[in-house]
Amino acid sequence: MQADDLPDASMFDTVILLTGPAEHPTLSALLWQHNARLNIHIVTTLAELEAIKPSALRRARLVAFVTPIVVSKRILERLGFGAYNFHPGPPHYPGWLPAYLAVYERARTFGATAHVMTERVDAGAIVDVELFDIAPTVTPSALEQHAFAEAARLFWRLAPMLARRSDPLPELPIRWSGRKSTRRLYAELCEIPPDIAGDDLQRRIAAFGGGHPDMCPTLTLHGHAFRFSGKPAAVEESGLVPEPEPARVADTAFSAP
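Next up, the structure:
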């Protein structure tokens with residue numbers, strides 16, 4: 000951006016709120032509570048975001064809340080007042096659906112992160128964090144719910160600045176770390192090697208065997224794929240999957256599609 004193109008603080012009058020349909024009424028109301036004159040442009044899809052005119056982007060700040068949509072560099076550069084994302088994971092768990100990797104790795108802490116959006120996903124400067132301890136038997140679904148609640152707490156705390164402040168939010172001296180979760184990583188972890196150790200199998204089933212449509216532990220033997228179809232009834236209550244007997248793994252925990 001050239002010096003002549005730098006936005007005038009007096010131009011800030013719009014927040015583009017990128018989130019799901021269920022979240023935008025509450026989040027919009029919270030922003031309006033702190034700035035009744037604020038224009039809030041709701042977008043839920045990438046197509047809606049891409050359709051916004053450059054002149055509108057120049058007057059706006061983008062706020063993304065728990066969304067899988069990746070915002071392009073082109074849009075980020077055209078925003079006059081920056082972009083912030085509320086990530087349902089802590090700084091040490093960047094990436095897509097981080098709760099699943101945290102369960103697989105038996106993390107002891109988790110949380111939510113508010114950060115500047117950059118071209119690289121979950122790499123921008125961090126402006127706020129909430130952390131909490133994890134129970135050993137937590138499921139990805141329960142962890143996601145808790146992280147969502149903490150992300151909402153962050154939004155509540157930062158809403159006054161997001162709605163009224165034209166200059167950038169203060170940054171924290173915290174850096175992203177850890178392995179970034181991706182669809183490719185999860186696909187690799189869902190491919191179960193025949194000689195897998197019992198503890199590793201237990202961790203993969205606990206993390207990826209809950210029925211997510213994009214994740215299913217799969218064991219391939221002699222050209223036949225056996226997919227995990229559910230936890231044995233005896234361990235439903237504890238949430239832990241015991242190590243299966245090697246000769247019976249396809250019979251007890253996996254079924255052919």
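First residue of the sequence shown? That's 0 in numbering that gives the first Met the number 0, and the numbers climb one at a time after it. Ideal Cβ placement from N, Cα and C applies to all residues, glycine included. In this text, all values refer to a predicted model and were calculated from it rather than measured experimentally.
Three-state secondary structure (DSSP) at residue i?
{"i": "S228", "result": "coil"}
{"i": "D343", "result": "Since the displayed the chain opens at 0 and closes at 256, residue 343 lies outside it and no answer follows."}
{"i": "G197", "result": "helix"}
{"i": "R152", "result": "helix"}
{"i": "R60", "result": "strand"}
{"i": "L16", "result": "strand"}
{"i": "M10", "result": "helix"}
{"i": "E47", "result": "helix"}
{"i": "I39", "result": "strand"}
{"i": "I191", "result": "strand"}
{"i": "S140", "result": "helix"}
{"i": "H221", "result": "coil"}
Using the C-alpha atoms, what's the distance from residue j back to residue i?
{"i": "N34", "j": "I204", "result": "47 Å"}
{"i": "G19", "j": "L218", "result": "35 Å"}
{"i": "G110", "j": "L171", "result": "16 Å"}
{"i": "S71", "j": "F85", "result": "17 Å"}
{"i": "A46", "j": "V128", "result": "30 Å"}
{"i": "G222", "j": "P193", "result": "12 Å"}
{"i": "A233", "j": "T136", "result": "No answer about A233 holds up, because its pLDDT of 35 lies below 50 and its placement is not dependable."}
{"i": "P216", "j": "R226", "result": "6 Å"}
{"i": "L75", "j": "A134", "result": "38 Å"}
{"i": "T44", "j": "E22", "result": "14 Å"}
So which of the options has the shortest CA-CA distance to residue i?
{"i": "H91", "options": "L184, I195, G210, S180", "result": "S180"}
{"i": "A262", "options": "A150, T66, V128, P139", "result": "This structure leaves residue 262 out entirely; the chain is present only between 0 and 256."}
{"i": "E143", "options": "V69, L75, V65", "result": "V65"}
{"i": "V120", "options": "A82, W155, A141, D132", "result": "A82"}
{"i": "A162", "options": "A21, L17, E22, L37", "result": "L37"}
{"i": "A141", "options": "A124, L184, W175, L96", "result": "L96"}
{"i": "D12", "options": "L56, P87, A21, W175", "result": "L56"}
{"i": "S54", "options": "M10, A134, G123", "result": "M10"}
{"i": "R58", "options": "G88, T108, H40", "result": "H40"}
{"i": "G123", "options": "R183, I15, P167", "result": "P167"}
{"i": "P67", "options": "L26, G94, G177, A113", "result": "G94"}
Comparing the C-beta of residue i with each C-beta of chain C, is any distance below 8 Å?
{"i": "A35", "result": "Any reference to chain C falls outside this structure, which holds one protein chain only."}
Any chance the segment 96 to 104 sits against the segment 180 to 199, with 3 or more Cβ pairs inside 8 Å?
yes
Those runs of the beta strand (DSSP E) which lie wholly inside the segment 75 to 131 and span at least 3 residues:
82 to 86, 108 to 115
Could you check whether the segment 46 to 64 touches the segment 150 to 169, counting it as contact only if at least three pairs of C-beta atoms, one from each stretch, sit closer than 8 Å?
yes
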